[in-house]
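In terms of my numbering, the sequence shown opens at residue -17 and continues consecutively.
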Amino acid sequence: MRTMTSVLACVALAGAATADLNLVELKRIDLSGQFGQTTPNGTSIGAVAWDGSSAWVAGFNNAGAGASAGIFRVSDALGAHSIGGTFGSLATPALRGYSGLDIKNGRLVAAYDNGGASANGIASWDVATQTQNWAKNARGSSGVAYDPGFNGADEGVAWTTFGSGRRALQNAATGADIYTTANGMIINDGAGTFWRGIDFDDATGNLYARRSNGLIKTTRTGGNSGVASTLVAFNAAADFVSGHNLAFMGGTVEGDVILFNDRLSAASGQGFLSVMKAVTSSGAAVTLDWTLLSPVADGNGYYSFSYHAASQTLAVADFANNTLHIFAVPAPGAAGLLGLAGLAALRRRR
């Protein structure tokens, strides 16, 4: 494919890294035809998971009445791509749906929120057969992620929920409780529990979470222990604003970086470049330099992220426009020329 060939050529010729973090758009897929109030998927993209080749997209019901929310696969996303059938479709009330996805070892885990505890609140799916491995009765309001554990201890499927200051943990294979919202690792710094999304550093086990448009880090000290600190300040005005998401990206030209969307309100007309923010694992601001295939339409600030470390690629799902973007995130030594790559693209700096 011409887009991928151009990027690989740039990587081969790359020189010294730049000071900014450049993200180069490789592919953009319009998924608007998969969404609507009468579809099994929902009206909008609520969450995304990415394995470097396929993306899984989960829906959200943004309509004013009941609809559905489901999951489907976008195979060969960087190539010709194809759309698979829907699974995990659930009758969903207005303004509810899937809040998070993650993928590992052929198991897709999903967090689903219908406004209360649901039999499918946290669930695992076999991506080859699209059959459910297990489900946990919970309110999946706050995303889900694979927890790498700490020094080999307490690996599993991690999640949290409104009203909890802890990371719960399920056995990835069976769904059995390892830790619950009553005895899981404390992740709260004592200032609210409107959690929206979580992610992990696979190298250290450190947890990163979104709450009230802020960003919190829990530095691991054990399998079920850590020390919480605030990287980006919270704002109580965003307590009831959904769609705060993040992606931990390790080993970039700026080191370990957490990408997140700055969404203080659900208002329309929010620009892609102004919403996207990033900090290092110590909380220092990172300048993002985007190489886009074409301008991105304004949205409402709701974006979902999934980073695939092995391929150094990032999936970004746009809730308002139902669009899937795939970006290259160059490592040190591979960023210099990527930052200048034409790709018939539009380069914009935030």
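Glycine is no exception: its CB is placed at the ideal position from the N, C-alpha and C atoms. Note that the structure is predicted; figures quoted are calculated from it, not measured.
Rounded straight-line distance, which links the Cα of residue j to that of residue i
| i | j | result |
| --- | --- | --- |
| Q252 | G281 | 5 Å |
| N115 | A155 | 8 Å |
| G79 | A73 | 9 Å |
| D2 | D12 | 28 Å |
| T113 | I308 | 27 Å |
| N243 | A110 | 31 Å |
| G61 | R10 | 11 Å |
| V39 | A101 | 20 Å |
| L255 | A76 | 29 Å |
| A43 | E7 | The residue asked about is misnamed: residue 43 is Asn in this sequence, not Ala. Near 28 Å, if we compare the C-alpha coordinates of E7 and N43. |
| N133 | Y190 | 18 Å |
| S224 | G179 | 10 Å |
| A210 | A219 | 22 Å |
| P374 | S36 | The requested residue 374 is not part of the displayed model; the chain covers only -17 to 332. |
| S238 | V261 | For the sequence presented, residue 238 should be read as Asp rather than Ser. Going from the Cα of D238 to the Cα of V261 covers about 9 Å. |
| G283 | L246 | 8 Å |
| G172 | G205 | 21 Å |
| K86 | G157 | 14 Å |
| A93 | G82 | 5 Å |
| P314 | A279 | 30 Å |
| R192 | S71 | 26 Å |
| A99 | G41 | 18 Å |
| D33 | F144 | 28 Å |
Cutoff 7 Å; reference residue i; Cβ partners in own chain excluding five residues on either side
| i | result |
| --- | --- |
| G147 | I168, I169, N170 and T175 |
| P130 | E137, F182, D184 and G187 |
| N153 | G138 and I160 |
| G166 | R148, R149, A150, L151 and N206 |
Neighbour-count burial assignment, residue i, 16 or more Cβ in a 10 Å radius
| i | result |
| --- | --- |
| V257 | buried |
| A120 | buried |
| S207 | exposed |
| S106 | buried |
| D84 | buried |
| D108 | exposed |
| G97 | exposed |
| A266 | exposed |
| G15 | exposed |
| T203 | exposed |
| G103 | buried |
| L274 | buried |
Spatial neighbours of residue i in its chain, beta-carbon cut-off 8 Å, leaving aside the 5 residues before and after
| i | result |
| --- | --- |
| A164 | R148 |
| S64 | V56, S57 and D58 |
| D221 | G174, F176 and S194 |
| A249 | N282 and G283 |
| G67 | F54 and Q112 |
| G88 | D108, V109 and A110 |
Residues near residue i by beta carbon distance below 6 Å, same chain, minus five either side
| i | result |
| --- | --- |
| A299 | I27, V30, S286 and L306 |
| T142 | S124, R149 and W177 |
| A140 | A127, D129, R149 and L151 |
| A135 | G205 |
| F69 | I53 and Q112 |
| A302 | G281 and N282 |
| A297 | V30, W32, A37, S288 and I308 |
CB contact below 9 Å: residue i versus chain D
| i | result |
| --- | --- |
| T143 | Judged by its chain identifiers, the structure shown contains no chain D, having just a single protein chain. |
Contact test: residue i Cβ vs the ligand ZN heavy atom, cutoff 8 Å
| i | result |
| --- | --- |
| L72 | For the structure depicted, the ligand ZN is absent and the ligand set is empty, with no information on it obtainable. |
### Task
Would you be able to state if there are at least three C-beta pairs under 8 Å between the stretch 45 to 53 and the stretch 13 to 25?
yes
### Query
Is it true that the stretch 120 to 127 meets the stretch 195 to 202, where meeting means three or more beta-carbon pairs spaced less than 8 Å apart?
no
### Query
Is the stretch 202 to 215 close to the stretch 281 to 300, with three or more CB pairs under 8 Å?
no
#### Entry: Inter-stretch contact (C-beta, 8 Å, three-pair minimum) for the stretch 219 to 238 and the stretch 270 to 278
no
### Message
Which runs of the alpha helix (DSSP H) at least 4 residues long sit entirely within the stretch 72 to 115? Give them in chain order.
### Response
none
### Query
Which ranges would you report for the alpha helix (DSSP H) in the stretch 204 to 270 if only whole runs of at least 4 residues count?
254 to 257
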